[in-house]
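Residue numbers for the sequence shown follow the working numbering, so the first one is 1336 and each next one is one higher.
For each residue, glycine too, the CB sits at the ideal point set by N, CA and C.
Just so you know, these numbers come straight off a predicted model, no measurement behind them.
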Amino acid sequence: MTGRVFLVTFSLLVLQLLRGAQRNNQQHRCLLLKLNMLLQHL
């Protein structure tokens, strides 16, 4: 159950990264930090 929630959240973050990478570098960094935090909680 937790794994599925993580995968969904991870996928959404990646999609946001792909969309935001062209627009805004600061948002990109923020999402990368969130991703790092998620990975550390595994």
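What would DSSP say about residue i, mapped onto helix, strand or coil?
{"i": "His1363", "result": "helix"}
Taking the straight line between their C-alpha atoms, what separation do you get for residue i and residue j?
{"i": "Leu1348", "j": "Leu1370", "result": "7 Å"}
{"i": "Phe1345", "j": "His1376", "result": "12 Å"}
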